[in-house]
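Presented below is the structure to which this report refers.
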Amino acid sequence: MAKNAIQKIAMNAAENIPYDKLMLSQKNVRRIKDGVSIEQLAEDIGRRKLIQSLNVRPVLDGEGEETGTFEVPAGGRRYLALGILIKQKRLAKNELIPCIVNRRHETSAEEDSLAENLRRADLHPLDQFRAFKTLSDQGLDPEEIAARFFLSPATVTQRLRLASVSPKLLDLYDKDEIRLEQIMAFSISDDHARQEQVWERIASSHMQEPYYIRRLLTETTVRADDRRAVYVGAGAYEAAGGVILRDLFEQDSGGWFQDAALLEQLVFDKLKMDAEAIRAKGWKWVEAAISFPYGHTSGMRRIYAEAEELSAGEIERYDALKAEYDKLDADYAKADDADEAIEAKLDQLGAELDAIDDRPQSYDPGHKAIAGVFVTLAANGQLQVDAGFVRSEDEPRTETGDVDEGEEGRADGGTRSSGDDCGDGVVVNGNRVNDSASDDSEDDGIKPLPDRLVFDLTAQRTLALRNALAGDVDMAFVAALHAFVLQVFYRFAPDTCLEISLKSGSFSQVEGLAETPWAKEIAERHEAWDRDLPDEAEGLWDFLLGLDEASRKALLAHCVSLTLNAVVEPWNRRAKALQHADMLGRSLQFDMVNAGWTPSVEFLGRLTKARILQAVSEARGIESAQLIDHMKKDSMAREAARFLEGSNWLPEPLRVEVDEIATDSGDAVAGDMSHESALDGDATELPAFLADDADPSRDEPVTIDGDKADHLQTAE
2 MAKNAIQKIA
12 MNAAENIPYD
22 KLMLSQKNVR
32 RIKDGVSIEQ
42 LAEDIGRRKL
52 IQSLNVRPVL
62 DGEGEETGTF
72 EVPAGGRRYL
82 ALGILIKQKR
92 LAKNELIPCI
102 VNRRHETSAE
112 EDSLAENLRR
122 ADLHPLDQFR
132 AFKTLSDQGL
142 DPEEIAARFF
152 LSPATVTQRL
162 RLASVSPKLL
172 DLYDKDEIRL
182 EQIMAFSISD
192 DHARQEQVWE
202 RIASSHMQEP
212 YYIRRLLTET
222 TVRADDRRAV
232 YVGAGAYEAA
242 GGVILRDLFE
252 QDSGGWFQDA
262 ALLEQLVFDK
272 LKMDAEAIRA
282 KGWKWVEAAI
292 SFPYGHTSGM
302 RRIYAEAEEL
312 SAGEIERYDA
322 LKAEYDKLDA
332 DYAKADDADE
342 AIEAKLDQLG
352 AELDAIDDRP
362 QSYDPGHKAI
372 AGVFVTLAAN
382 GQLQVDAGFV
392 RSEDEPRTET
402 GDVDEGEEGR
412 ADGGTRSSGD
422 DCGDGVVVNG
432 NRVNDSASDD
442 SEDDGIKPLP
452 DRLVFDLTAQ
462 RTLALRNALA
472 GDVDMAFVAA
482 LHAFVLQVFY
492 RFAPDTCLEI
502 SLKSGSFSQV
512 EGLAETPWAK
522 EIAERHEAWD
532 RDLPDEAEGL
542 WDFLLGLDEA
552 SRKALLAHCV
562 SLTLNAVVEP
572 WNRRAKALQH
582 ADMLGRSLQF
592 DMVNAGWTPS
602 VEFLGRLTKA
612 RILQAVSEAR
622 GIESAQLIDH
632 MKKDSMAREA
642 ARFLEGSNWL
652 PEPLRVEVDE
662 IATDSGDAVA
672 GDMSHESALD
682 GDATELPAFL
692 ADDADPSRDE
702 PVTIDGDKAD
712 HLQTAE
């Protein structure tokens, strides 16, 4: 039996039909605007003409005969775009339009329209990247490519950057072995070898997230918002041959300076020039560094700039302005209605008074000759100049008759006098004591008292003084304060007769400690007292006697506070001291939340993921932790910081056990430990930004204290 012949497919014929014989079919399934606009499509057709024919069907009359008109069920957007060109008189009304004419009616018009849209396949992103790269190689810049395809220049630049990734990695992307997000992360570097090295490192690892790829590619770079990069500037760095890595797909705050060594050299070169310019102003020395450890000025005396003296004319003008201001202000205070003219006059007078008060300040040239300057970079990258520090070896040496127990010089820099009255030996109350003479004759005058007798007598005086001091609480307070202030503010001043001492740890190894609000407040308070205290230690006693009681107590509290040390060090077992620090904190009703500590993103980023989840669970409840347990670590830290904001949560080392403290009224009070109540997650509402996203029906709840938490900690 003969086989049936396979029926051959016949294509619909192509015809050129005048535009005015075409009409838009109402059977086109596309009704919603999407993608390139009709106007943009018209511009594209105007440039490159039609590259795809219209799909048309003849319009039939009542008897089934063709009328000579054709409807367009597929290609309606192209039809409308051609109509725009005709309205713009860039195309003739009867221009012949290439069309595919369907006269068989084997399928419906709606089906053809749907098929045209559904069967169209978008370019694979890699094909698009490579196509843009080809156009770029043909001489088109990103702006021109963007204009031709109605894209933003930034989008084209991004596509070109993706096309510049290592061909080996792009081939893996073509095979679906690398995700697009990973290719985007690799694009921040132009070093193909480094890209491939990073991929080899993570290919067999579970850590393949884009953020981790970016971290590996930039681990030897310096962020553009780093103080060093801000200080040098991107322009100077690039002019020196440096390269800045940019992430076109994420916020990068200016990118990363790739050559850290070059940046460091530029920083030091610029610091050297700035330091030399400051040194030329008359300072004895200038020390410059990117940063100094906390407490680097310990042991140095500080001198301050002083305002220029007012002339007689300036004093007279100031007094006249002040009198006019006070009178006008007093009269205006009695007025019933506001008066803009009077307020403007008061503002003018106030500005003139401020201008006189804020007159230029300068350092005494003699002070500058023995003092120096520390030059460093502030956190914002601006030059920070701290001037007026006098080193101990530069303190003025004065001739004195006092000798301290046989030492070569005094603590304040005073040296032993070479005068006849002060040779070798001991000097007591300004009188020289010397038992070295063996001549018993009194021909040359009365001999000094023997050393042993002097010791016995002064021991009696010492005990008598102790007894007297114990009976005068106020004077004992001043004497102790005098000893403390000498050690805190006059490191090389004459000794006190009180054998008490202060120790103050600097904690210079803690990075960023000087930028905390507590360090700044301590420094401001210290500087304020330093300005008020007399320049020379000899005048300190009278200064303290002249202070009121409240000021003396405030100064003592400042000095004593500098000795407090509650740092936990693994090598230093100070259990009793740390217990006392907790007792002191409870007595002060002290709490780090009230002091202003908050869990920042930087702090949370130093924790493991399990620790972050534990913190959120303690502060906001287990449901809140479940909302972020799937995130990568940097995102988790960011969202956790938002969760913990206002929760009063504290990490364990900053918590103080709640303990009852008896008050004067007999009631029991405790330190403000409001963060303890925040640890009850079931009583805390979710933050507004995640309240709508909570999903309590998750299949696998997070385990904070169990095996899953241990696994997360290990994975970090």
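Each position in the sequence shown, counted from 1, maps to that position plus 1 in the numbering used here. Beta carbons are placed, not taken as given, at the ideal position from N, Cα and C, and that holds for glycine.
Under DSSP, Asn17 takes part in a beta bridge, and its partners are Pro99.
Under the three-pair Cβ rule at 8 Å, the region 601-610 counts as touching the region 638-651. 8 Å or more divides the Cβ of Thr298 from the Cβ of Phe258. Secondary structure note for Leu55: its beta strand (DSSP E) is the uninterrupted segment 55-61.
Secondary structure note for Trp542: its alpha helix (DSSP H) is the uninterrupted segment 541-547.
Taking 8 Å as the upper bound for CB-CB distance, Phe508 and Val568 are in contact here, some 7 Å apart. Bridge pairing for Trp257: Arg224, Leu246 [DSSP].
Of the residues Arg392, Tyr212, Pro654, Met476, the one whose Cα lies closest to the Cα of Met632 is Tyr212. As DSSP reads the structure, Ala289 sits in a beta bridge with Val376. Close CB contacts of Leu92 within its chain, under the 6 Å cut and outside five residues either way in sequence, are with Leu86 (chain order). The continuous alpha helix (DSSP H) containing Val199 extends over residues 193-203. Here Pro654 carries a helix assignment [DSSP, helix/strand/coil]. In this structure, DSSP gives Pro361 a state outside helix and strand, which the three-state scheme calls coil. For Leu25, the enclosing beta strand (DSSP E) stretches over residues 23-25.
Within its own chain, the residues whose Cβ lies closer than 7 Å to the Cβ of Gly69, once the five positions on either side in sequence are excluded, are Lys22, listed in chain order. Membership of Gln159 in the alpha helix (DSSP H) is indicated by the continuous run 154-164. Closest in C-alpha terms to Pro294, from the list Ala379, Ala324, Ile343, Met584, comes Ala379.
In the three-state DSSP reduction, Thr298 falls in the coil class, being neither helix nor strand. Shown here, Phe390 sits in a strand according to DSSP, grouped into three states.
Counting every other CB atom within 10 Å of its CB across the protein chains shown gives Leu556 a total of 16 or more, marking it as buried.
C-alpha of Ile623 to C-alpha of Ile613: approximately 12 Å in a straight line. Residue state for Gln8 is assigned as coil, using DSSP reduced to three classes.
Under the three-state reduction of DSSP, Pro397 is assigned to coil, being neither helix nor strand. Assignment of Phe490 by DSSP, reduced to helix, strand and coil, places it in the helix class.
Annotation for Thr70: the continuous beta strand (DSSP E) segment containing it runs 67-75. Counting only the Cα atoms, Gly256 lies some 20 Å from Ala164. With contacts defined by Cβ atoms closer than 8 Å, Gly597 and Pro654 do not form a contacting pair.
Residue pairing by DSSP places Arg216 in no beta bridge whatsoever. Ala611 is positioned such that its CB atom lies no closer than 8 Å to that of Ser648. Sequence-distant partners of Ser153 (beyond 5 residues in either direction) whose C-beta falls short of 7 Å from its own C-beta, in its chain, are Ala147. Our two residues, Ser588 and Ile523, have alpha carbons roughly 21 Å apart in a direct line. Take the alpha-carbon of Val199 and the one of Leu565: they are about 48 Å apart.
DSSP, read as helix, strand or coil, puts Gln385 in strand.
Between Leu81 and Leu25, the alpha-carbon positions lie close to 8 Å from each other. Contact between the region 344-354 and the region 307-323 is present, with at least three C-beta pairs closer than 8 Å. Contact between the region 391-398 and the region 298-309 is present: three or more C-beta pairs spanning the two stretches fall below 8 Å.
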